[in-house]
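**Student:**
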Amino acid sequence: MSIELTWLGHATWLINDGHHRILLDPFLNDSPTAPQKANEVDADFILVSHGHFDHVADVAEIANRCNATVIAGFEVAEWFAKQHDVKSTTGMNIGGSLTLPFGSVKMTPAIHSSQLPDGSYGGVAGGFLVMIGERTLYFACDTALFSDMQLLRDKGIDVAILPIGDLFTMGPRDSVTATNYLNPKQVLPTHYNTWPPIEQDAESWAEMVRAGATAEPIVLQPGQSHVIE
Ligand code: NI
Ligand code: MN
Numbered sequence: 006m007s008i009e010l011t012w013l014g015h016a017t018w019l020i021n022d023g024h025h026r027i028l029l030d031p032f033l034n035d036s037p038t039a040p041q042k043a044n045e046v047d048a049d050f051i052l053v054s055h056g057h058f059d060h061v062a063d064v065a066e067i068a069n070r071c072n073a074t075v076i077a078g079f080e081v082a083e084w085f086a087k088q089h090d091v092k093s094t095t096g097m098n099i100g101g102s103l104t105l106p107f108g109s110v111k112m113t114p115a116i117h118s119s120q121l122p123d124g125s126y127g128g129v130a131g132g133f134l135v136m137i138g139e140r141t142l143y144f145a146c147d148t149a150l151f152s153d154m155q156l157l158r159d160k161g162i163d164v165a166i167l168p169i170g171d172l173f174t175m176g177p178r179d180s181v182t183a184t185n186y187l188n189p190k191q192v193l194p195t196h197y198n199t200w201p202p203i204e205q206d207a208e209s210w211a212e213m214v215r216a217g218a219t220a221e222p223i224v225l226q227p228g229q230s231h232v233i234e
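The opening residue of the sequence shown carries number 6 in my numbering; numbering runs sequentially from there.
1) I think W18 touches L29, with their Cβ atoms under 8 Å apart; what is that distance to the nearest whole Å?
2) Do P189 and D153 have their beta-carbon atoms positioned less than 8 Å apart in this structure?
3) If you draw a straight line from the alpha carbon of P168 to that of H25, how long is it in whole angstroms?
4) How close, in whole Å, do the beta carbons of Q120 and G56 come, if the pair is a contact with beta carbons under 8 Å?
5) Is it the case that the CB of H89 approaches a heavy atom of the ligand NI more closely than 7 Å?
6) Could you tell me the boundaries of the beta strand (DSSP E) in which L13 lies?
7) Specify which residues have a beta carbon nearer than 5 Å to any heavy atom of the ligand NI, listing them in chain order.
8) Distance check for L103 and A82, CA to CA, integer angstroms please.
9) Quick one: give me the first and last residue of the beta strand (DSSP E) that H231 is part of.
10) Please tell me whether T184 and A165 are closer than 8 Å, where the distance is taken between their beta carbons.
11) Would the beta-carbon of M112 fall within 8 Å of that of G161?
12) Taking 7 Å as the limit between beta carbons, can you name the residues of its chain near T95, skipping five residues before and five after?
13) Q39 and G14: beta carbons closer than 8 Å?
14) Pull up the distance between the alpha-carbon of A86 and that of E66, whole angstroms please.
15) Distance check for V64 and R178, CA to CA, integer angstroms please.
16) Should F144 be listed as close to the ligand MN, given that the test is whether its C-beta is under 7 Å from any heavy atom?
So, in structure tokens, the structure goes:
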């Protein structure tokens, strides 16, 4: 079974295992780099890492159109149910796992904030370990580098998706340290080049990874996919 991982710009990712479409942090209509609009993207499950607008903007529209289940931290999941009439939500919290038709999801810690766009309290930000078949994907989501990433080493991460934009999250250099903590087979950058304040040169990041870690760096353009065999 192969898994197709598509970058939809900014921190938005679509995972397709051939049977299920799992969308992470959809931010499409107002993203300057998104290759598709929200009404062009379908999902069965939508994972939401935290409450910031650049992660929640198109969640409700896609969830309501596709009857997708929104999986998020407890407060964020409640907000979608109450404020946006999302019919199927599952709230979870850091450290918890959830079994799903495609495998399982575990919510991991993140060092970041999580206020929702209307000022509502969004709980704490998280990341996700996504287990599909024999494969494990780790989305750090918006976070600083933190040493407990080392606890994820023994999860046997195949692919890690790490922010490199700096300013709001870890930057390129810290992401190389994170790569060493996590020891994935492959690492992909995210949360960069959406706007000038988070502009980064992904090719020099890839050079830094090759020089300072053992993982293979993979740089996608928005709209491109990486197939995990
Ligand atoms: Ni954020
Ligand atoms: Mn963000």
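Note that beta-carbon positions come from the ideal geometry of N, C-alpha and C, so glycine has one too.
In this text the structure is predicted, and so the values were computed from the model without any measurement.
**Tutor:** Short version:
1) 4 Å
2) no
3) 25 Å
4) 6 Å
5) no
6) Segment: none, L13 is in no beta strand (DSSP E) and carries neither H nor E.
7) H57, D147
8) 14 Å
9) 230-233
10) yes
11) no
12) T74, I76, A82, L103
13) This sequence places Ala at residue 39; Gln is not what is there. Yes, the pair counts as a contact, with Cβ atoms nearer than the cut-off.
14) 12 Å
15) 31 Å
16) no
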